Amino acid sequence: MAVIKFFANLRRLAGRKEMQLPAENLRQVLERLESELPALGAYLHGNAGGRLIITLNGHPLDPAAGLDIPLAETDQVAIFPPIAGG
Amino acid sequence: MMSGWAQNILDIDLTSRTVKTYPLDMEMARQFVGGRGLGARLLWDLVDPQVDPLSAENVLIFTNGPLTATGYQTSNRFSVTTKSPLTGTILDANSGGFWGTQFRRTGHIALIVRGRAESPVWIEILQDQVAIHDAAHLWGMRVLELTRALGQDKHRRNVLTIGPAGESLSRIAAIMNDGERALARGGPGAVMGAKNLKAIVVEGKERPEIVDRERFKFMLYEARKLLAASPLTSQALPEFGTAVMLNIVNNIGALPTRNNQQTQFEHIEAICGETLAENHLVRNTACWACPIACTRISRTDKIEGEGPEFESTWAFGAQCGVSDLDAIIEANYVCNDLGLDTISAGVTIACAMELSEKGYLDSDLRFGRADLLAPTLEQMAYRHGLGAELSDGSLRFATQYGHPELSMSVKGLEMPAYDARGMQGQGLLFATSNRGGCHMRGNMLGLEVLGLPKLIDRFQVQGKSSYVILHQNSSAAIDSLVLCKFTNMGVSEEYFARVLSAVTGIPYATGELIQVGERVWNLERLYNLRAGITHQQDTLPPRLLNEPVASGPSQGWVSHLEPMLKEYYRTRGWDERGVPKPQKLQSLGLAHLTD
Chain A
722 MAVIKFFANL RRLAGRKEMQ LPAENLRQVL ERLESELPAL GAYLHGNAGG RLIITLNGHP
782 LDPAAGLDIP LAETDQVAIF PPIAGG
Chain B
3 MMSGWAQNIL DIDLTSRTVK TYPLDMEMAR QFVGGRGLGA RLLWDLVDPQ VDPLSAENVL
63 IFTNGPLTAT GYQTSNRFSV TTKSPLTGTI LDANSGGFWG TQFRRTGHIA LIVRGRAESP
123 VWIEILQDQV AIHDAAHLWG MRVLELTRAL GQDKHRRNVL TIGPAGESLS RIAAIMNDGE
183 RALARGGPGA VMGAKNLKAI VVEGKERPEI VDRERFKFML YEARKLLAAS PLTSQALPEF
243 GTAVMLNIVN NIGALPTRNN QQTQFEHIEA ICGETLAENH LVRNTACWAC PIACTRISRT
303 DKIEGEGPEF ESTWAFGAQC GVSDLDAIIE ANYVCNDLGL DTISAGVTIA CAMELSEKGY
363 LDSDLRFGRA DLLAPTLEQM AYRHGLGAEL SDGSLRFATQ YGHPELSMSV KGLEMPAYDA
423 RGMQGQGLLF ATSNRGGCHM RGNMLGLEVL GLPKLIDRFQ VQGKSSYVIL HQNSSAAIDS
483 LVLCKFTNMG VSEEYFARVL SAVTGIPYAT GELIQVGERV WNLERLYNLR AGITHQQDTL
543 PPRLLNEPVA SGPSQGWVSH LEPMLKEYYR TRGWDERGVP KPQKLQSLGL AHLTD
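Protein sequences appear in the order of chains A and B. Taking our numbering, the leading residue of the first sequence gets 722, the next gets one more, and so forth. Taking our numbering, the leading residue of the second sequence gets 3, the next gets one more, and so forth.
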């Protein structure tokens, strides 16, 4: 199962730092998060939800590339809300 | 009608103890706007690029801009421009807080400090009155104590000072304002110390004139809505501050760790912004007229104070292999109180740690020695023991011990929290920065990692120069207004141009504002060339060019600087040796300066 890691305020909304999810692709990950974690699901449907930063094994994913990205058992998905700084 | 700008330049010669005031050249103001741009233009006329930065011939130029103190969001910032004692380049550093607003209210767009006082002095600038006071009794005081002693009052009277580091001419000494804000990088505190100038206190009453007040008020309202609507400026920065960046930069394998020997820190969870917020945050706070409020007030069992920011947390944390967040917070606090640049201090200590571990230096410094951070910083500020050598930054230190390649610096300025091997464009940006390794002369984080405004391949080499140049020019323009770059996350440059037009009555188009940035960038480049800093210094430490990242998401990568650099010079309109071509200077209105 892929490991899903949460950061910043997503940790509070998810009630955890990480979890494991059986999912064939990234779209399924987000769908399962929405159904299993209501507070996080509400956030994902809001204004900021469309601007998530997602990395797969440390590589930022381009939202324009879509969510049908297949996941392997050992994959790590990191999900960040819109953040900035420096 | 032209307005917005404070009308006068205050010019103080500490050698002769004379004070002059004269009007701002409005054509110069139009061309360079204020802040960093105006400072660069004034320095061009005032300081021979060949002078010793710590001699009386160098000057300090404090500037604000036409938006300063207008109440526009983040219109609190101000700049200092000088020749850097750390890098030998032109140096601009800017800071927030409250001092800049108060400085503008004294009716001055710029303060030039020349010469050197015979004995320690401090300057008091009141409405229509300037005094140079004896500071013998203040010399030696630390920043927080001195700030209180000179009557700091957040909204009425504001103190800018150097700490012991500036007094001892540490080349990484900061100038501090309002207690814990810093003009940090490149050693401006040492220039102030060399002038025997301990502090500058400002207290003014003048309100900026705004030409089109109705339009300005509407734009203020609009900007407030835009910043409130952006999750960056209304959620992420207020809740977690800049330290929220630690996890993502680490996640992608671009967080310099143990003097850039690795690019991921295994103890990131112990020092990240989320842990800081959960265990140490007292409250967040804001600079004048800032709705974002990214500043942290943090607490440990020993201290309570501002910070630490992302860069400071990284410099004393991952870069020094330290996972003790209490020690990091305390190191940041000590740096502020001593008047030291946290990035340069942390990276210099990390350099010494690697030298020690490899047997090139006989010291107890080792990666992970959290207990040695604060004592080493004290030694650096007072130039005691090994601190006497560390006090001048990592490049001089590593060179002294025969291994300059272990200094993680560009042009002598320690690089910030991004490893160029994992962000190719960021490497080009560091290599070409006019003040050395710096993330505030533009930053590729948005494009290469965060997808702001879109995501581009961080490992791609071809085509990166155009993005880097755009960011560099934009940052120079924002630094000339002077605004905080964080407003740019909710509000675009087009918006800044409209606000500038409303305040000054001059119709600036977006392209013109970006061209101001390009003009400033090229002028800084010309100054550096005259100082003897050429294309040969547009480079990165050998480690980043030759040692592939050993593990993690950036595994196998080095910085492919050379092809990017060639493309960069060409795109900038410079020749192959990085010299601006005459037609480029002509188009920017700079040709007459090189005649």
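Here a beta-carbon is modelled for each residue, glycine too, at the ideal position from N, C-alpha and C. A quick note: this is a predicted structure, and the numbers were derived from the prediction, not measured.
Exercise for review: Could you tell me the boundaries of the beta strand (DSSP E) in which residue 126 (chain B) lies?
Suggested key: 123–128
Exercise for review: Step through the CB atoms of chain B and report whether any lies within less than 9 Å of the CB of residue 783 (chain A).
Suggested key: yes
Practice item. For residue 307 (chain B), write down the residues that DSSP places opposite it in a beta bridge. Key: B:300
Practice item. Note down, in chain order, each residue of its chain lying with its Cβ closer than 6 Å to the Cβ of residue 21 (chain B), except the 5 sequence neighbours on either side. Key: 14, 132
Practice item. Just confirm the distance between the C-beta atoms of residue 277 (chain B) and residue 340 (chain B), as a whole number of angstroms; I'd bet it's less than 8 Å. Key: In fact, because the Cβ distance is near 26 Å, the residues do not count as touching under 8 Å.
Check your understanding: Which runs of the beta strand (DSSP E), 3 residues or longer, sit entirely within the region 75–110 of chain B?
Key -> 80–85, 92–97
Check your understanding: Any beta-carbon of chain A closer than 9 Å to the one on residue 550 (chain B)?
Key -> no
Check your understanding: What is the rounded straight-line gap between the Cα of residue 43 (chain B) and the Cα of residue 487 (chain B)?
Key -> 22 Å
Practice item. From the DSSP output, read off the bridge partner residues of residue 15 (chain B). Key: B:20, B:116
Point to revise | Residue range of the unbroken beta strand (DSSP E) whose run includes residue 132 (chain B) | key: 131–136
Practice item. Starting from the C-beta of residue 168 (chain B), find all residues in its chain whose C-beta is less than 8 Å away, skip the five residues before and the five after it, and write them out in chain order. Key: 175, 176, 177, 191, 192, 194, 195, 341
**Study point:** Stretch pair the region 763–781 of chain A + the region 222–236 of chain B: three plus CB contacts closer than 8 Å
**Key:** yes
Check your understanding: For residue 53 (chain B), does the three-state DSSP call read helix, strand or coil?
Key -> coil
Check your understanding: Per DSSP, which one or two residues make a beta bridge with residue 183 (chain B)?
Key -> B:179
**Study point:** Interface residues of the region 734–747 of chain A facing chain B [CB-CB below 9 Å]
**Key:** 738
Review point. Between the region 230–251 of chain B and chain A, which residues of the former have a C-beta closer than 9 Å to a C-beta of the latter?
Key: 231, 232, 233, 234, 235, 237, 238, 239, 241, 242, 243, 244, 245, 246, 247, 249, 250
Review point. Is the beta carbon of residue 99 (chain B) sitting closer than 9 Å to the one on residue 67 (chain B)?
Key: no
Check your understanding: With a Cβ-Cβ cutoff of 9 Å, do residue 87 (chain B) and residue 51 (chain B) count as a contact?
Key -> no
Practice item. Enumerate in chain order the residues of its own chain whose CB-to-CB distance from residue 574 (chain B) is below 7 Å, with the five nearest sequence positions on each side excluded. Key: 471
Practice item. Evaluate the contact criterion for the region 543–553 of chain B versus the region 258–277 of chain B: three or more CB pairs, one atom per stretch, below 8 Å. Key: yes
Review point. Does the beta carbon of residue 276 (chain B) come closer than 9 Å to any beta carbon on chain A?
Key: yes
Check your understanding: By how many angstroms is the C-alpha of residue 223 (chain B) removed from the C-alpha of residue 495 (chain B)?
Key -> 17 Å
**Study point:** Interface flag, residue 769 (chain A) vs chain B, CB-CB below 9 Å
**Key:** yes
Review point. Quick one, which of B:384, B:522, B:540, B:285 has its alpha-carbon nearest residue 413 (chain B)'s?
Key: B:540
Check your understanding: Under the DSSP definition of a beta bridge, which residues are partnered with residue 155 (chain B)?
Key -> B:159
**Study point:** Residues that residue 799 (chain A) contacts on chain B, provided the C-beta gap is smaller than 7 Å
**Key:** 253
Review point. Given residue 569 (chain B), which residues of its chain have a CB within under 7 Å of its CB, disregarding the five upstream and five downstream residues?
Key: 467
Point to revise | Stretch pair the region 73–84 of chain B + the region 22–35 of chain B: three plus CB contacts closer than 8 Å | key: no
Practice item. Express the C-alpha separation of residue 395 (chain B) and residue 173 (chain B) in angstroms, rounding to a whole number. Key: 7 Å
Review point. Applying the criterion that 16 or more other CB atoms from any shown protein chain within 10 Å of the CB defines a buried residue, is residue 112 (chain B) buried or exposed?
Key: buried
Exercise for review: Might you give, ordered along the chain, the residues of its own chain that have their beta carbon closer than 8 Å to the beta carbon of residue 565 (chain B), omitting 5 neighbours on each side?
Suggested key: 463, 464
Review point. In chain A, which residues lie less than 7 Å from residue 451 (chain B) when you measure between Cβ atoms?
Key: 781
Point to revise | Extent of the continuous beta strand (DSSP E) to which residue 286 (chain B) belongs | key: 283–287
Practice item. Evaluate contact between the region 232–252 of chain B and the region 303–320 of chain B, counting only Cβ atoms and requiring at least three cross-stretch pairs below 8 Å. Key: yes
Point to revise | Where residue 807 (chain A) meets chain B, residues with beta-carbon distance less than 7 Å | key: 244, 247, 312, 441, 445, 447
**Study point:** In DSSP terms, what residue 411 (chain B) is bridged to
**Key:** B:416
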